[in-house]
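Chemist: Starting off with a structure, shown below.
The following block contains the structure:
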């Protein structure tokens, strides 16, 4: 009994390796996707080494350099490359430290919504019947609100903070995972390998998480990448409305909210945080699009 | 068709009940005593507190409270604003036309730019134009629109001085609302310059709000075009010697538009979420700004009413989109 087991194990490892290689060969040909991936890696490195890379502390206030313009403009200096904000903090350093918040928000939100959504989707798709109906109707209710509005109201309930903003966004995003997982589970359930596993006596949990789930992963991974960007965007919007991270946190949306009153006097405090959001979100979207194209055999041909 | 409509409404009713449960639960989930919450920062005396408990029915069992809440809703009673003491529904209906006007302009802008761009990009696949459109669409799709709004204010209002920064019309003009749509009202008022003022106030918010739908529509149109152009009937039409314009315009476009119409309908939620940000930035007196202000003023009954109305609007529009889909797509007959 042990010998066939090991051979199948090797075969499985082999096929997943081959699949990964195939995925990479498609992904690599998509120039946009590779650009996105490169920027994402760069942003991750910035976040990890923020303390080393940033020229100043993100919270230190240089009182002699209030609202100093960027280096290339008249009145700027190279010690504050992108200028300073209204209380004399270095813009560049705050932006670099902001990468930590954005990636952290994306990671936490995606993890919560993925875990919650996949579990509910598995349950709904696997058991069907009454459980399915209840879960899907609840998801319909959540989806009948514009996501930002529901997140805003949830934060108003829980109290404005970064943690609550992340929880709210995760709740708002998870119905997409539920729908996606449920649809996948329903198609996969009728396949022979599931039936044979069931006949062999596999329990519910084993069927759900070990037999079914790995075969539903491809679209979920794509959705996770794409919702990374919506999480960052929504958190920034909440921060901008004063319902997300609170000042003096160098979160990009919050920085924009603080910068609003200097809109006509200091363009750099408004321009750079938004640009940082745009570039990060754009690169995640590029990467997600590339992954979808590489994983979807239907699109490969066209 | 009729049966399909009934079936869809059958699904909508439990969903709408769920929405009312959320709205009902909202005020009761706020930490603290509901009367203290409703009274706001002024606080109330103990006797008045007891009175109010009975008046608002907080002393009754929770299911009874919910039932009377539902009954009131069915009578069009959404409660009173805590701050202004006016009926919530009146405030909502006063501000709603402003949001509808902005949203309509936003979606029209999105369609006017996104649809032709998507069609041409699909037909000229791989061309420079295609790449430009797709890059622009992806940037638009990833755009934090609150930042886009601020940038446009800097460029067009502060530096160039072309457009005003906030509001719906210059305070120089005053007339009674007839339709609630500023474009129409200002035109009807006959005052010189009023219409131009209304238009100039509308341009920047329209672009800010329309950017994301525009990107989505352009992407969806392009991929629908690509799919349709590879169909056999398009090849047949080409083989018959029809002009390329006719093949694309008549044969391909008709079928490519089917999924695009759905996409356009689904933008309602996006528009309402975008209205929250756009209206806040441009001080546009619509329901998006009203919701944000109500949240900050702790005007919880207004937030509750707004939540209900907005969810209802999204649901009704989605239903209409579903029905339209059946009408324009003969492959899906809603008869069953």
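Protein chains in written order, with the working numbering: chain A, 147 to 448; chain B, 6 to 341. Idealized CB from N, CA, C, for every residue including glycine. Model, not experiment: these values are computed from the prediction.
Excluding the 5 residues preceding and the 5 following residue 243/B in the sequence, name in chain order all residues of the same chain whose CB lies nearer than 6 angstroms to its CB.
Modeler: Cβ within range, chain order: 252.
Chemist: Starting from residue 283/A, trace the alpha helix (DSSP H) in both directions and tell me its first and last residue.
Modeler: 275 to 289 is the span of the alpha helix (DSSP H), which, as asked, contains residue 283/A.
Chemist: Checking 9 angstroms against the spacing of the C-beta atoms, do residue 428/A and residue 147/B come in under that value?
Modeler: A contact, by the Cβ cut-off of 9 angstroms.
Chemist: If I measure Cβ to Cβ from residue 98/B and keep anything under 6 angstroms in the same chain, skipping five residues before and after, which residues do I get?
Modeler: The answer is none, since no qualifying residue turns up.
Chemist: State the Cα-Cα distance for the pair residue 75/B and residue 255/A, rounded to the nearest angstrom.
Modeler: Each residue's alpha carbon lies about 34 angstroms from the other.
Chemist: Can you pull the chain E neighbours of residue 413/A, defined as C-beta to C-beta under 7 angstroms?
Modeler: The question asks about chain E, but that chain is absent: this structure's protein chains are A and B.
Chemist: If contact means a Cβ-Cβ distance below 9 angstroms, which residues of the region 418 to 438 of chain A contact chain B?
Modeler: Cβ contacts with chain B: 419, 420, 421, 423, 424, 425, 426, 427, 428, 429, 430, 431, 432, 435.
Chemist: Based on the DSSP secondary-structure assignment, which residues constitute the bridge partners of residue 190/B?
Modeler: Looking at the DSSP assignment, residue 190/B forms no beta bridge with any residue, so it has no partner.
Chemist: Output, in chain order, the set of chain B residues within a Cβ distance shorter than 9 angstroms of residue 382/A.
Modeler: Those within 9 angstroms of residue 382/A in chain B are 149, 151, 152.
Chemist: To which residues does DSSP link residue 92/B through a beta bridge?
Modeler: In DSSP, residue 92/B forms a bridge with 85/B.
Chemist: Just list the residues that DSSP pairs residue 236/A with in beta bridges.
Modeler: DSSP, once it has assigned bridges, lists 230/A as partnering residue 236/A.
Chemist: Could you check what DSSP says for residue 320/A in three-state terms: helix, strand or coil?
Modeler: It is helical.
Chemist: Please report whether the beta-carbon of residue 286/A lies at a distance below 9 angstroms from any beta-carbon of chain B.
Modeler: It does: the Cβ of residue 286/A has a partner Cβ on chain B nearer than 9 angstroms.
Chemist: Indicate whether at least one CB of chain A lies closer than 9 angstroms to the CB of residue 212/B.
Modeler: Residue 212/B does not count as touching chain A.
Chemist: Answer with yes or no whether the minimum CB distance from residue 238/B to chain A is below 9 angstroms.
Modeler: It does not: the Cβ of residue 238/B has no partner Cβ on chain A nearer than 9 angstroms.
Chemist: What are the boundary residues of the alpha helix (DSSP H) that includes residue 436/A?
Modeler: First-last of the alpha helix (DSSP H) with residue 436/A: 413 to 441.
Chemist: Going by beta carbon distance, what residues of the same chain come within less than 6 angstroms of residue 382/B, once the five residues before and after it are set aside?
Modeler: There is simply no residue 382/B to check, as chain B begins at 6 and stops at 341 in what is shown.
Chemist: Okay, do the region 258 to 277 of chain B and the region 222 to 230 of chain B touch, 3+ Cβ pairs below 8 angstroms being the bar?
Modeler: Contact holds: three or more Cβ-Cβ distances are below 8 angstroms.
Chemist: Could you tell me if residue 190/B is buried or exposed, where buried requires 16 or more neighbouring beta carbons within 10 angstroms of its beta carbon?
Modeler: Label assigned to residue 190/B: buried.
Chemist: Strictly below 8 angstroms CB to CB, what residues from chain A border residue 163/B?
Modeler: Correct list: 409, 410.
Chemist: Classify residue 135/B as helix, strand or coil using the three-state DSSP reduction.
Modeler: It is helical.
Chemist: Just mark residue 197/A as buried or exposed, buried being the case when its beta carbon has 16 or more other beta carbons within 10 Å.
Modeler: It is exposed - the Cβ of residue 197/A has fewer than 16 other Cβ atoms within 10 Å.
Chemist: On the CB-based measure, 16 or more other CB atoms within 10 Å of its CB, does residue 339/A come out buried or exposed?
Modeler: The residue is exposed, with fewer than 16 neighbouring Cβ atoms inside 10 Å.
Chemist: So which residues of chain A does residue 274/B contact, with C-beta pairs closer than 7 angstroms?
Modeler: Chain A residues near residue 274/B: 292.
Chemist: Between residue 419/A and residue 205/A, is the Cβ-Cβ spacing less than 9 angstroms?
Modeler: It is not a contact, given that the beta carbons lie outside the stated cut-off.
Chemist: Please report how far the alpha carbon of residue 332/A lies from the alpha carbon of residue 271/A, in whole angstroms.
Modeler: Cα to Cα, the separation comes out at about 5 angstroms.
Chemist: I want to verify the contact list: residues of chain A whose CB lies under 8 angstroms from the CB of residue 19/B, in sequence order.
Modeler: Here the neighbours are 283.
Chemist: On the CB-based measure, 16 or more other CB atoms within 10 Å of its CB, does residue 106/B come out buried or exposed?
Modeler: Answer is buried; the Cβ neighbour count reaches 16.
Chemist: Give a yes or no on whether 9 angstroms exceeds the smallest Cβ distance from residue 451/A to chain B.
Modeler: In this structure chain A extends from 147 to 448, so residue 451/A is not present and cannot be described.
Chemist: At a Cβ cut of 7 angstroms, what residues of the region 299 to 321 of chain A count as close to chain B, listed as they run along the chain?
Modeler: Correct list: 299, 302, 303.
Chemist: Is residue 249/A closer than 9 angstroms to residue 311/A when the C-beta atoms are compared?
Modeler: Not in contact: residue 311/A and residue 249/A (Cβ atoms no closer than 9 angstroms).
Chemist: Are the Cβ atoms of residue 237/A and residue 368/A separated by less than 9 angstroms?
Modeler: Not in contact: residue 237/A and residue 368/A (Cβ atoms no closer than 9 angstroms).
Chemist: Could you tell me the distance, in whole angstroms, from the CA atom of residue 206/B to the CA atom of residue 169/B?
Modeler: The straight-line gap from Cα to Cα measures roughly 6 angstroms.
Chemist: To the nearest angstrom, how far is the alpha carbon of residue 183/B from that of residue 103/B?
Modeler: Answer to the nearest angstrom: the Cα atoms are 13 angstroms apart.
Chemist: Looking at the C-beta of residue 296/B, does it have a partner C-beta in chain A at a distance below 9 angstroms?
Modeler: Closer than 9 angstroms to some Cβ of chain A, the Cβ of residue 296/B qualifies, so yes.
Chemist: Taking the alpha-carbon of residue 138/B as reference, which of 93/B, 216/B, 176/B has the nearest alpha-carbon?
Modeler: Nearest of 93/B, 216/B, 176/B to residue 138/B, Cα basis: 216/B.
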